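See structure below.
2 protein chains.
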Amino acid sequence: MISNSFPTETRSYDLVVVGAGPGGFDAALEAAEEGIKVALVERYLLGGTCLNVGCIPTKMYLGATSPVEELAAQSKARVAKGEIEVDFNSLCTKKDRFIAATRKAMAQKAKKLGIDIYPAVAKVIDPGKVEVSHPEEKAVLGYKNLILATGSHPTVFPGLEPDNETILDNSGFLALEEMPTSLLVIGAGFIGLEMAQIAHRSGCKITVVDALDRIAVYEDPEVSKALQGVFKRHKWKFNLGVKVKSVTAENGQAVLRTEDGEEFTADKALIAIGRRPNSAELGIEKLELETEGPGFVKVNENLEAADNVYAIGDLNGKILLAHAASHQAGYVVRRIAGKAEGPYEHGPIPSILYGSPETMRVGLMPADLEGKGEVKTSSFPLVANPIAQAYASTQGFVKVVWLDGKVAGITAVGHHVAGFTTAASMIVQEEWTKDDIHKVVFPHPSLDEALLGALKAEQVEPK
Amino acid sequence: MISNSFPTETRSYDLVVVGAGPGGFDAALEAAEEGIKVALVERYLLGGTCLNVGCIPTKMYLGATSPVEELAAQSKARVAKGEIEVDFNSLCTKKDRFIAATRKAMAQKAKKLGIDIYPAVAKVIDPGKVEVSHPEEKAVLGYKNLILATGSHPTVFPGLEPDNETILDNSGFLALEEMPTSLLVIGAGFIGLEMAQIAHRSGCKITVVDALDRIAVYEDPEVSKALQGVFKRHKWKFNLGVKVKSVTAENGQAVLRTEDGEEFTADKALIAIGRRPNSAELGIEKLELETEGPGFVKVNENLEAADNVYAIGDLNGKILLAHAASHQAGYVVRRIAGKAEGPYEHGPIPSILYGSPETMRVGLMPADLEGKGEVKTSSFPLVANPIAQAYASTQGFVKVVWLDGKVAGITAVGHHVAGFTTAASMIVQEEWTKDDIHKVVFPHPSLDEALLGALKAEQVEPK
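Going down the list, the protein sequences come from chains A and B. Per my numbering, the first sequence starts with residue 1, numbered consecutively. Per my numbering, the second sequence starts with residue 1, numbered consecutively.
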């Protein structure tokens, strides 16, 4: 990180941004482009969790191991055979190199725009003043506007503390130089399921444990079911509705004990049971900010936690997704620049689980719409799509949710379905009716035609 | 095909459709759904070229061989190694089975809707009358409305006649039970380049010959160049701007001779030099229809070739793409049903080349816009996209074409870029300005962000 010299006297900024993840970095960049004088404070690494130990490296691992899964599908269809060996040591190096290069490019871009970057811990010491410190230096920055974008960290419960040798969190998993032969995955959300797929592709035996009774619980129940169906065919073991008491390293093995006295053992365990906001050491009590739940900073309709103090991204707990943070950043900067009036509004925020299958979801699902009007669904099975057939990956479907005759949400599960996410977002945002379907020409053949098929299909009562 | 008994007397229909490819079949289906009494005449197979010997089987081959290309990319990045062997005999069987099942489902759907299918050659014998005949039976069908949707066939020049042993056309290529060790590809359009990729993935040496000076000539020149760059890295040989005199089979080898006296030899040759309309034996002279070029049936702004006689799809030569034919079918049926007023209009028609890389294009390119206003382009390189990095396929870019500050066209070349085609179509159709970019939340990380990057990038003079 290109660091700024620490001033000995209070240095004043129009805007101080705390946290350089997708939300904070984009906020700093866009503000500087508006001619606002910006300081960006980051205690760890530019890019935050997403770039360094989250979505980006996970997708690199999923992309790199994708041929394994594609070959497995064609093998099953008896069309191809072969062997693929992934070198995780080399992949880890490649990933580190790409991420470092991205951080470097980010720092250069920020520097070019005149942003002062402080590699430091930030703490509000008084309204209008943030102390920035690292082991050797300390300074006070004055601000007219403050954006808090400190993100989140993995949830840890007593008894489930990762040692990142045998008991891993996301960072520990992404630092592995080879995959274990068996893995306990505690938590069947996005992170757990994406990482489990990476391990699976190296022949690792997967056991998934979750307190809830279905996987990918944020998804529509039919999507969860289809997803679990595919993973079951991979011979993954599922232990759902199970309360975990402890996960410990014993003789180099991971041992999981449930409240019911069951015991599971594997080479390693991955703890992926959700994330908590980084709000504890920010000094927000000096600003009398309110928090809720595990420490999410409460914001008003303008994303303000107090006058001229904004909390964006994971920290406000609205939607824990990088692109939601970036979008909030854009609004807040336009607001500070006097270019956005009225409350924060956003189009539908899409959500993707990568891997094979992928899932995509945008807008509202039947469970969100109970009592809100006439709800119908229409769907299309991937088995009828030639591109899904071509990839020998025909499990899955596209489902459209209609509210009073307009598209309210779209979800899908299957190979490569993330590809039509932006089209689906636009269709939800534009609230298509059945008549709108003719206005856009979908390419043939394409996976997008499965989306078209779902839009055209008979509308029925939701299951 | 479920055939209808041939009537001994003239049987009258509200609508006779000739040709059961994507245009004709969709027309028949949509008409029957409108309660129109329909006869569908097909001389060969339901689904036409697209389903049987065109886009569908080609995509099945590209999908099935995709792991080979993905592994090659990761191998080059030193992240994975391995061997994959594709069994083309088995793939050919699987493809035939899928296509037969699709045809069967089509026939059942048509039957359920009360469509009479005639497996026969159709010939207009008088205005209002079509003779349908196959070797054993013959009948006359009366029509109020006639839709001609007979499609096209591969162009054959004297001296380039395929024997489908050594000199192949698309049908011959798709019937191969194993790939040749070397292939001469005559014609560097979609068909030639997609099939060449399939052969390449089995280790076949590729030599491309074309009379024009660049490949994929319908694409933006920068896309052609990037595409050729990737194929050159595959060690394909290109002989462009070359006039082919003859391609003949000699001692079991394909021998190509140019007008300049050059000679190329390979195991097999693929002739893919374009397509011609199937208008010769239709009896269109009885309706005094006009044709143009190699026999394309001229239509007015309502797609009418004469009163109540429509020509759609490849036959009218407007756009030789299956989804264009289907879209025209929808309009014509709505017109016949009295539900469409005014001339035929369509949104931007996307065009995709599959393989690795893929290309996508929708709307207008700089060459289409000369003198029409202020033209700018903005682009984003795939090397800066984390999903492209994940697939170790970073060659390529997304390019947005602006006309007077509005998006007029979008094109891209690179791994999986076809995925955002429908979103791009919608953006072109909605003529986005720079301000519209904020209204849609793009998922992160995603390949779609390369499209977002191109939309946001600096607008410059087209090269």
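A virtual CB, placed ideally from N, CA and C, is assigned to each residue, including glycine. Note that the coordinates shown come from a computational prediction; the quantities given were computed from them, not determined experimentally.
What L176(A) touches in chain B, judged by beta-carbon distance under 8 Å, is nothing: the nearest beta carbon there is about 14 Å away. In this structure A254(B) touches T166(B) by the C-beta definition: roughly 5 Å separates them, less than 8 Å. Nearest CB-CB separation between V428(B) and chain A: not below the 8 Å threshold. Contact between I336(A) and T421(A) does not hold, since the beta-carbon distance rounds to 30 Å and is not under 8 Å. For Q74(A), a Cβ of chain B is located within less than 8 Å of the residue's own Cβ. Among the residues of the segment 51-81 of chain A, those with a Cβ less than 7 Å away from any Cβ of chain B are C55, I56, K59, M60, L62, G63, A64, S66, P67, E70, L71, Q74, A77, R78, V79, A80, K81, in the order of the chain. Residue pairing from DSSP places E263(B) in a beta bridge opposite R257(B). Only residues of its own chain outside the window of five on either side were considered, and among them R275, R276, N278 have a CB closer than 7 Å to the CB of H153(A), listed in chain order.
Only residues of its own chain outside the window of five on either side were considered, and among them A305, A311, N316 have a CB closer than 6 Å to the CB of V299(A), listed in chain order.
The alpha-carbon of S246(A) is positioned some 40 Å away from that of K138(A). Within the segment 107-120 of chain B, no residue has a Cβ lying closer than 9 Å to any Cβ of chain A.
For the alpha helix (DSSP H) assignment, the uninterrupted runs of no fewer than 4 residues enclosed by the segment 17-94 of chain B are, from N- to C-terminal side, 22-33, 48-53, 55-76. The residue among D368(B), H438(B), L184(B), G159(B) with its C-alpha nearest the C-alpha of F264(B) is L184(B).
As DSSP reads the structure, F380(B) sits in a beta bridge with V398(B). Contact note: A390(B) reaches chain A through K59, M60, L62, G63, A64, using a C-beta cutoff of 7 Å and chain order. With the criterion set as a beta carbon lying under 7 Å from some beta carbon of chain A, the segment 256-273 of chain B has no members that meet it. Look at S378(A): its C-beta is not under 8 Å from any C-beta on chain B. Per DSSP, reduced to three states, the secondary structure at T433(A) is coil, with no helix or strand assignment. The beta-bridge partner set that DSSP reports for D210(A) consists of L240(A). Here Y218(B) is exposed, its C-beta having fewer than 16 other C-beta atoms within 10 Å.
Interface criterion met: the Cβ of D448(A) is under 8 Å from a Cβ in chain B. The C-alpha of L193(B) is placed about 21 Å away from the C-alpha of A388(A). Exclusion of the five residues before and after D448(B) leaves F420, F442 as the residues of its chain whose Cβ lies within less than 6 Å of its Cβ. When 9 Å is used as the limit between beta carbons, V440(B) is near these residues of chain A: G347, P348, T422, S425, M426, Q429, in chain order. Distances from the CA of P57(A) to each of S75(B), H444(B), Y344(B) were compared; the closest alpha carbon is that of H444(B). Counting only Cβ-Cβ distances below 7 Å, G330(B) has contacts in chain A at H438, in chain order. Against chain A, a Cβ distance below 9 Å from H200(B) picks out nothing, because the smallest value is about 15 Å. Residue range 322-336 is occupied by the alpha helix (DSSP H) that includes H323(B). No Cβ of chain A is located within less than 8 Å of the beta carbon of G19(B). Annotation: Cβ neighbours of L91(A) in chain B (cutoff 7 Å, chain order): V79. Not a single C-beta of chain A is nearer than 8 Å to the C-beta of G342(B). Exclusion of the five residues before and after Q197(A) leaves G355 as the residues of its chain whose Cβ lies within less than 6 Å of its Cβ. Per DSSP, the continuous alpha helix (DSSP H) segment holding P221(B) begins and ends at 221-233. Taking one beta carbon from each stretch, the segment 405-425 of chain A and the segment 375-394 of chain A have 3 or more pairs nearer than 8 Å; the two touch. For the segment 308-325 of chain B, residues whose beta-carbon sits nearer than 8 Å to a beta-carbon of chain A comprise L321, A322, H323, A324.
The residue from M360(A), E250(A), D126(A) with its alpha-carbon nearest to that of E288(A) is D126(A).
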